[in-house]
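Below is one structure; the comments refer to it alone.
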Amino acid sequence: VEAYEEECGSLGQYGMKHMRVFANVCNQGVPMGVIRAACVEACTTL
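At the far end of the sequence shown sits residue 1195, using this note's numbering, and the numbering has no gaps.
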């Protein structure tokens, strides 16, 4: 969540409803660097 907000801005109330996505990614052991890169990619292509 911190990586997303640093790259894309605050999730806001609507975004917080989808926190399970971040929890699932973390629980699967995805490295933070991969998560951050995905956030950068997602936020720069929108």
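C-beta atoms are modelled at their ideal positions from N, C-alpha and C, and glycine is treated no differently.
Cβ-based neighbour list, residue i, same chain, cut-off 6 angstroms, excluding 5 preceding and 5 following
{"i": "Phe1171", "result": "Val1150"}
Straight-line Cα distance separating residue j from residue i
{"i": "Leu1160", "j": "Glu1154", "result": "7 angstroms"}
{"i": "Ala1186", "j": "Gly1158", "result": "15 angstroms"}
{"i": "Met1181", "j": "Gln1162", "result": "24 angstroms"}
{"i": "Arg1169", "j": "Thr1193", "result": "23 angstroms"}
{"i": "Ala1152", "j": "Ala1191", "result": "12 angstroms"}
{"i": "His1167", "j": "Gln1177", "result": "17 angstroms"}
C-beta contact flag for residue i and residue j at 8 angstroms
{"i": "Glu1156", "j": "Val1189", "result": "yes"}
Same chain only: Cβ atoms within 7 angstroms of residue i, ignoring 5 sequence neighbours per side
{"i": "Val1174", "result": "Ile1184"}
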